[in-house]
Amino acid sequence: MRLSVRLTLAMTVLVACTVAAIGVLAYYNIGRAVVPSGLTRLAYQAKARLGAYESVLRIIRNEVLSARLLPAHLGIVRARLNGGTDPDVGLTEAQWRAHLAAAYAGNMQVKPGLLAYRLVGVANGGRALIAVDRQGPNGSIRTVPDADLPQLGDDETFRHAAGLTGDEVHFSPIRIFQPSHDPGVAASSSPRFTAAAPVRDSSGAVFAVLMITYDLRPVFERIRDVLDNDTDVYFVEADGGYMMNYMDGRIVPAEPERRWQDDFPQLAAALSEKPGAAAVFSRPDGERVAAAIVMAPLSNGIRTAVIETEPLERIMAPATALRTPGLIVGLAAILGAVLLSALLSRSIASPIMQLTRAVAAFSRTGRLVMPAGLRGESRILADAFDETVAKIDAANAALRSKSELLDKTIASMADAVAVLDAEGKRVFANPTCVALFGVAEDIGSERWKRKYKRFLADGVTPMPDYDSPAARARRGESFDNVELGIRHGDDPVVQLAASARRMENPDGSFAGAVIVYRNLTAFKESERQLRQAQKMQAIGQLTGGVAHDLNNILTVITGGIEMLADGVSDRPALKDVATMVDQAVTRASDLTHGLLSFSRKQPLQPRSIDVNALMLDTVKLLRPTLGAGIEIDVEPSPDLRPALADPSQLGSALINLAINARDAMKGNGKLLLETGNVDLDQAYAAQHDEVSAGRYVMLAVSDTGCGIPAAIRDRVFEPFFTTKPVGEGTGLGLSMVYGFVKQSGGHIELYSEEGHGTTIRLYLPYAVASLDTGLDSAAPPLAQGGRESVLVVEDDALVRSYVMTHLKALGYTAHSAASAAEAMSMVYDDVEFDLLFTDVMLSGGMNGPQLADELRKYKPGLKVLFTSGYTENAMLHHGRLGPAVQLLPKPYRRADLARMLRRVLDAEADVPAK
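Quick note on full-length UniProt numbering: the sequence shown kicks off at 1 and runs consecutively.
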């Protein structure tokens, strides 16, 4: 006999013996495991049903205790004890009974399980005082008429409840209600019972018994539906009576005369004093049955038990079910053993071949599907493949997530990003880069260069190809913030800053570059505006200082000319020379006032003005001045707000603008003057330096002249800048307007298009209320002197000498000091004087206003007259003359000095508040 045959027979016998042993053993072990498991399951279900029943009893008990505390119960008690009327609320017993009946009906309406409420009196022999049930038409809720109220004095539930103490509740036995006349119709059976508790009066005596009847069918159906319904369930009392039965999923009326101990003697014997037991026994008809009982004292005070039974055949079904399959499996195993040796080699090789095909398919499709049913080492190998593929998929998903995040980040960047490969070709560009440089061409290619021009940072000088950011990046250079300009066709130049980083391969060789272009156009424009503002500020400071020093010189010259004119009054030739010099000094004084206006150091006297009226009055002066060739149109706003400005300065500014417009129109054209209300918001203020958001009055001057070239628009407000021929303009007209508007807290804008005309808009602050300028509008009095004493404080020796000369000529006693410290020492030396005449700006650390404040500490009520070429905000409130300040601007004449001295000396003493 060959080895293969012997191996086949040996394997067949071995398999047959193994299958038989396993089958017998399995049936025996399953039987041993299934029966205890089934009994445990029955006991658990019985306990669960008993627990559910107990929870229902607790709910009903609490409901009865709550119901007896209804206010209507106490009202009926008070009414019965007080002659039929409740002394607390004035309701009669009948009214209270009606209230209570309504409460009963309302509760029954929301709780279908409530069948009846009965309040049974104790003193009347057990007759019901109130009854509400579901005996109305079609089962509706009704209040039982008084004539039909039942007598329940002999009812066992009533008698038990009347004797209860405290919070005890009595539960009646469960009774099966059969609405059908046929007692065999079990489907209509309705288990119900009554819960009762005493209602006591204020002394604690039992006044009545509240009896509530419940329908337990819904409760038992829920208990039945929660657990297995294939079992028979019996609710029994511990002493042997049946309360309720479930047979084949139906409620079956109990037979009170039967005892469960007679039907289940094995359970009774196993139970003894224990709370539960389980057993397997045979019925009289020979059927084997598994049964379990669980017992416990419930809320009704009765030891209640639940018995649950199930045929043993059903419990043993899993073991029985193995017989036929076991036989089939055994035969199949034997047949398999015969074929095993022939298939052994193939069975060993088959899993390896399946794994090979799965891996080959993965390499083609990217999806790994391992064959099912692998065992042993083949399964381990397949799991290792699955784990490896899962890690690869997770890594790919993470890479995709990072890639998507990076793509979104780069796509949303405001900077242009371009990626070049090692040959310099653009392999990636974000949307900003595409919008900036175009789509098709590589940056720096010949086709790209035909469309785009590159410039150095100045935006004018062409950038050599060799120095362009793209060329440097292709050479492998890394750099930061290389500034350049590009222009597409005739579009404006776009200012950029380019940064690049080199990319390398793993071996360190050049792989490409990343270039980031940042748009600097808006930044450069803001930088240009800042430089322009700083330049204007520097020019203003310079012109203010020059005007101040020039005013000191002009003050001396003016006084000298006056004295010379007086001395040569009898010599006409010399007098004419003195007059000519005086006129020149006057023109120089006007020039310094123009410089001070530009530098915002000219004292202003603002008040609330009607810009429409001022504009119309000025137009009357302009018509003969501008000539017949200029057509003047006026468009005043009908509801114009009042503006806060110096009217004389505004009139001068309007005349300056009109004359400039006339010159631009060469004597022929149209001049438009218009006003309006304007609200400048925060967005506008953020884009314009020195502009505050708020309400403004707009005055616009437009002409149809030649316009202003773009190259010089930024310079038109500079002092002495003019495009007129030499001798035809000073270049101070627009600078004076600019300084006046800025000093007034306003804003000026220029719009011009070369060859079409110019519009200049003045935005003046809105006047909230009228202002008292504090100035006397009456005609100035004639110059006269006086006998008072004046202390002159002036750090310029020439000016100080000039003032002393005029003061003495006017009859005043004059004392002079070159500094504030010298003036203070004179006060310490008890030098008497009636008025302090001081320059605002003094050398030595203390200025004129500070000196005046210090002297008033020693001389309260001291009268002060200030003078200055400019005031630097020391004497002015944001460039506006304060109402309590008397200022004599330089240069001045002797008549001006005499008039101001008398005005201050003749005024009432001004004692500033401390």
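All residues carry an ideal CB built from backbone N, CA and C; glycine is no exception.
Owing to the predicted nature of the structure, the values given are computational and were not obtained by experimental measurement.
Around Val516, the same chain offers Asp415, Val417 and Ser499 as residues with beta carbons nearer than 6 Å, after the five sequence neighbours per side are excluded. Taking a C-beta distance under 8 Å as the contact criterion, Ile212 and Tyr117 qualify as a contact pair. Within the same chain, and ignoring the five residues on either side of Arg695 in sequence, the residues whose Cβ sits closer than 6 Å to its Cβ are Asp679 and Tyr766.
Taking a C-beta distance under 8 Å as the contact criterion, Leu129 and Gly121 qualify as a contact pair. Within the stretch 679–718, the complete beta strand (DSSP E) segments at least 3 residues long are 694–703, listed from N- to C-terminus. A direct Cα-to-Cα measurement between Gln151 and Gly113 gives close to 24 Å.
The alpha-carbon of Gly739 is positioned some 13 Å away from that of Asp646. The criterion of a C-beta distance shorter than 8 Å is not satisfied by Thr838 and Ala821. Excluding its 5 nearest sequence neighbours in each direction, Leu271 has C-beta neighbours in its own chain below 8 Å: Ala277, Ile293 and Met295, listed in chain order. Assignment of Pro198 by DSSP, reduced to helix, strand and coil, places it in the strand class. The straight-line gap separating the alpha-carbon atoms of Asp167 and Arg159 is approximately 16 Å. In its chain, beyond the 5 residues on either side, Ile630, Asp703, Thr704 and Gly705 have a beta carbon closer than 7 Å to the beta carbon of Gly669.
Note that the C-beta distance between Leu855 and Leu836 is below 8 Å. Given a length threshold of 3 residues, each whole run of the beta strand (DSSP E) inside the UniProt domain "PAC" (480–532) is given here in chain order: 494–504 and 510–519.
Annotated three-state conformation of Gly276 is strand, per DSSP. The DSSP-derived three-state label of Asn612 is helix.
Per DSSP, the unbroken alpha helix (DSSP H) holding Thr432 starts and ends at Pro431 to Phe437.
Here the stretch 745–758 lies against the stretch 708–717, with 3 or more beta-carbon pairs under 8 Å apart. Rounded to the nearest angstrom, the Cβ distance from Ile174 to Met243 is 5 Å, consistent with a contact under 8 Å. The alpha helix (DSSP H) runs of length 4 or more contained entirely in the stretch 83–171 are, from start to end of the chain, 93–110 and 156–162. By DSSP's assignment, Lys453 forms a beta bridge with Arg487. Taking C-beta atoms as the reference points, Ile760 and Leu657 count as a pair closer than 8 Å. Under the DSSP definition of a beta bridge, Ala208 partners with Gly121 and Val199.
As a beta-bridge residue in DSSP terms, Met244 pairs with Phe235. In the three-state reduction of the DSSP assignment, Pro191 falls in the strand class, which pools E and B. Rounded to the nearest angstrom, the gap between the Cα atoms of Leu374 and Glu221 is 50 Å. Judged by beta-carbon spacing, Ala818 lies beyond the 8 Å limit of Leu791, meaning their Cβ atoms are not closer than that value. The C-alpha of Asp239 lies about 16 Å from the C-alpha of Gln266.
Between the alpha carbons of Asp458 and Val494 lies a gap of roughly 11 Å. Within the stretch 611–666, the runs of beta strand (DSSP E) at least 3 residues long that lie entirely inside it are, in chain order, 630–635 and 643–645.
In this structure, the beta-carbon distance from Leu164 to Ala197 falls below 8 Å.
In the three-state reduction of the DSSP assignment, Ala394 falls in the helix class, which pools H, G and I. If you draw a straight line from the Cα of Pro464 to the Cα of Arg472, it comes to about 11 Å. Exposed is the label assigned to Thr365, since fewer than 16 other Cβ atoms lie within 10 Å of its Cβ. Going by DSSP, Val768 is part of no beta strand (DSSP E) at all; its letter is neither H nor E.
Within 10 angstroms of the beta-carbon of Cys433 lie 16 or more other beta-carbons, which makes it buried.
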